[in-house]
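**Student:** Chains as they are written, first to last, in our numbering: chain U, 95 to 432; chain R, 95 to 432.
Idealized CB from N, CA, C, for every residue including glycine.
I have a structure here, written as structure tokens, and I will follow up with some questions on it.
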């Protein structure tokens with residue numbers, strides 16, 4: 095059983111545990127400053143498949159298989175997998191995971207998907223309806239560029255606020271019946287925020303208000319402040335969005351600047367790798383959570399973090415119709431068990 | 095707290111209640127045999143908007159507003175809304191519901207979305223993380239045709255197994271703290287089934303195996319048989335898919351033919367309205383659940399139903415790449431409180 099403490103904010107009581115996790119990234123991500131953190135770096139961005147969509151599916155499937163194996167589980171141990179991605183109709187997930195035959199709950203939170211999957215996993219485990227779940231997501235530079243921007247071979251110029259969609263996947267197994275040393279303490283379900291930004295190359299700007307609202311709502315509901323956490327992590331705000339987030343939160347009298355980390359800003363050496371404002375995509379925060387933050391929690395190097403992945407809920411059709419970009423940020427609170 | 099009784103199958107213990115529901119449909123749906131059941135029939139399929147996508151968003155928003163009003167609630171009473179639709183990146187839902195500022199959990203189950211939303215609503219209510227939720231979905235003939243098939247003005251010929259995407263939305267409010275007279279007894283999370291069908295005009299055929307697997311898993315786990323239910327309802331298998339479902343289930347020695355109802359087969363007078371194998375789309379089963387079945391449950395004309403909406407998890411890109419069509423069916427068990 096969980097305890098609701100504010101609208102969309104809850105604390106767990108049985109404390110669902112994270113049991114295992116895995117991350118797989120593409121070659122460019124492997125060459126970045128975190129390259130050594132991931133379980134696997136795939137040099138061939140086609141991953142041996144003949145289309146990019148099939149490649150993304152394989153990233154996701156392999157991440158799930160690896161997380162299952164690292165937890166000493168078999169696929170039959172799981173009651174549900176929460177998954178989604180950026181490709182139309184989420185085929186990265188559905189085609190990727192169909193062979194596993196694990197009960198499948200499709201979610202769509204754009205780049206906030208990893209946090210949404212962890213949130214819903216902790217809720218279903220707390221409810222007693224399931225005992226073990228998986229949360230996974232993926233993104234792929236080439237599926238995203240074609241779908242959201244231009245065909246790769248067109249060679250379109252990128253704007254200064256553009257971010258680079260990561261080719262990456264991260265998967266986490268969770269349980270209410272096994273021992274683990276990371277627990278989910280609570281969570282905050284995001285609200286859709288729309289500040290009227292219409293530039294599809296400035297996702298960080300569109301998403302920063304959603305992240306600010308979610309983080310502030312959780313801090314206030316739990317009566318905690320930034321110093322209580324080792325890190326407050328956002329998904330893929332990038333350099334512009336991160337600086338906006340810190341400003342927005344500061345306007346409410348809260349200073350997160352010393353504990354804020356943004357996965358999008360961490361993935362690449364942006365100057366050297368020509369990635370402008372940083373990484374993006376569902377797989378960005380998922381792979382950095384699984385490759386960088388969860389291992390540090392497990393080792394006790396850090397003890398208490400908020401993970402607030404962020405998603406831009408736009409589509410090319412909506413942008414062409416002159417619509418602004420709504421965004422969302424879901425949050426989970428993770429703690430090392432002493 | 096719920097009780098897991100098999101992989102992906104659970105029974106509720108606090109019995110989340112359905113408090114109110116609303117349905118809004120387009121003109122063609124209003125002219126069908128169920129036309130008189132819906133809360134509202136909108137004659138203008140643009141719904142006063144200048145694009146079909148904005149029209150679909152408005153169908154969804156109005157259905158939610160109506161359900162909130164019928165339950166004597168205000169939007170601030172809700173901890174979460176579960177929503178998704180067929181349009182790329184689910185913009186029918188995100189753009190439709192952004193103004194409500196209710197914590198938003200995006201889901202993607204194609205035409206199984208209504209069942210997935212009810213399933214996750216009952217889980218979050220059982221967990222204690224939330225006290226009131228909304229489950230909603232929509233579809234629109236014109237957004238779906240352009241995206242999945244042909245531009246409307248192209249005038250493409252429809253195949254005999256084709257179905258007609260309904261312009262419709264259905265919304266349900268649920269609660270763990272209010273009195274209602276319909277309860278959610280249990281649920282079954284669908285598994286992805288793929289029998290290798292590649293014909294995007296035969297969705298019923300692609301989805302029937304998923305519905306069969308889910309229904310059989312729930313019946314076996316609960317040790318019940320078709321005679322225990324007034325109806326076993328599927329989403330939008332249509333005429334071909336429904337007949338396949340009955341055959342598939344019969345092969346396991348279970349005869350559901352006398353209690354089976356399919357929303358896709360019920361929506362239109364298929365011969366007169368030229369809708370071939372019937373209706374489809376997320377809004378089809380959602381609007382018929384809210385316009386036809388839930389009122390009958392509330393009035394006590396029926397007492398015990400299984401609602402197993404079905405979704406085809408394909409995309410045009412996947413079909414063009416020669417992929418088969420994976421499908422899923424989620425199930426919720428609804429009962430009139432005596």
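Comparing the C-beta of residue 183 of chain U with each C-beta of chain R, is any distance below 8 Å?
**Tutor:** yes
**Student:** Does the region 207-216 of chain R come close enough to the region 261-273 of chain U to have 3 or more Cβ pairs within less than 8 Å?
**Tutor:** With contact defined as three or more Cβ pairs closer than 8 Å, the region 207-216 of chain R and the region 261-273 of chain U are not in contact.
**Student:** For residue 103 of chain R, which residues of its own chain have a beta-carbon under 8 Å away from its beta-carbon, when the five flanking residues on both sides are left out?
**Tutor:** 280, 281, 282, 283, 311, 312, 315, 316
**Student:** How would you list, in chain order, the residues of chain R whose beta-carbon sits under 9 Å from the beta-carbon of residue 400 of chain U?
**Tutor:** By Cβ distance, chain R contributes nothing, its closest Cβ being about 16 Å from residue 400 of chain U, past 9 Å.
**Student:** Just to make sure I have the definition right: I need the residues of chain U whose C-beta is within less than 8 Å of the C-beta of residue 415 of chain R. Which are they?
**Tutor:** 145, 147, 148
**Student:** Let me know the alpha helix (DSSP H) ranges lying completely inside the region 365-411 of chain U, each 4 residues or longer, listed in chain order.
**Tutor:** 376-382, 388-392
**Student:** In terms of residue numbering, what span does the alpha helix (DSSP H) encompassing residue 237 of chain U cover?
**Tutor:** 235-242
**Student:** Which residues in the same chain have their Cβ closer than 8 Å to the Cβ of residue 326 of chain R, if we skip the five residues on either side of it in sequence?
**Tutor:** 309, 320, 350, 353, 354, 355, 399, 400, 402
**Student:** State the Cα-Cα distance for the pair residue 215 of chain U and residue 230 of chain R, rounded to the nearest angstrom.
**Tutor:** 21 Å
**Student:** May I have the straight-line CA-CA distance separating residue 333 of chain U from residue 301 of chain U, to the nearest angstrom?
**Tutor:** 12 Å
**Student:** Rounding to the nearest angstrom, what Cα-Cα distance links residue 228 of chain R and residue 374 of chain U in this structure?
**Tutor:** 30 Å
**Student:** Show which residues of chain R have a CB atom less than 8 Å away from the CB atom of residue 156 of chain U.
**Tutor:** Near residue 156 of chain U there are no residues of chain R at all, since even the closest Cβ is about 17 Å away, more than 8 Å.
**Student:** Could you give the first and the last residue of the continuous beta strand (DSSP E) run that contains residue 356 of chain U?
**Tutor:** 354-356
**Student:** Cα-Cα, which of R:217, R:340, R:297 is closest to residue 97 of chain R?
**Tutor:** R:217
**Student:** Which two residues bound the contiguous beta strand (DSSP E) that contains residue 429 of chain R?
**Tutor:** 421-430
**Student:** Just to confirm my understanding: we take residue 224 of chain R, look at its own chain, exclude 5 residues before and 5 after, and list those with CB closer than 6 Å. What are they?
**Tutor:** Apart from the 5 residues on each side of it in sequence, residue 224 of chain R sits with its Cβ closer than 6 Å to the Cβ of 173, 174, 218 in its chain, given in chain order.
**Student:** Give the secondary structure of residue 282 of chain R by DSSP, where H, G and I count as helix, E and B as strand, and everything else as coil.
**Tutor:** strand
**Student:** Is it buried or exposed for residue 292 of chain U, if we count other Cβ within 10 angstroms and need 16 for buried?
**Tutor:** exposed
**Student:** Classify residue 98 of chain R as helix, strand or coil using the three-state DSSP reduction.
**Tutor:** strand
**Student:** Pop quiz: residue 113 of chain R and residue 165 of chain R are said to be a contact at Cβ under 8 Å. What is the actual Cβ separation, rounded to whole angstroms?
**Tutor:** 5 Å
**Student:** Throw me the rounded Cβ distance for the residue 138 of chain R and residue 160 of chain R pair, which I believe falls under 8 Å.
**Tutor:** 18 Å between Cβ atoms; not a contact.
**Student:** Got a sec: is the Cβ-Cβ distance from residue 429 of chain U to anything in chain R below 8 Å?
**Tutor:** no
**Student:** Who are the neighbours of residue 375 of chain R on chain U, taking C-beta pairs under 7 Å?
**Tutor:** What residue 375 of chain R touches in chain U: nothing, since even the nearest Cβ is about 13 Å away.
**Student:** Given a threshold of 16 other Cβ atoms within 10 Å of its Cβ, counted over all protein chains shown, does residue 365 of chain R qualify as buried or as exposed?
**Tutor:** exposed
**Student:** Determine which residues of the region 259-283 of chain R have a Cβ less than 7 Å from any Cβ of chain U, and write them out in chain order.
**Tutor:** 283
**Student:** Under the three-state reduction of DSSP, which class applies to residue 256 of chain U: helix, strand or coil?
**Tutor:** coil
**Student:** List the residues of chain U that residue 217 of chain R touches, going by C-beta distances under 7 Å, in chain order.
**Tutor:** 217, 218, 221, 223
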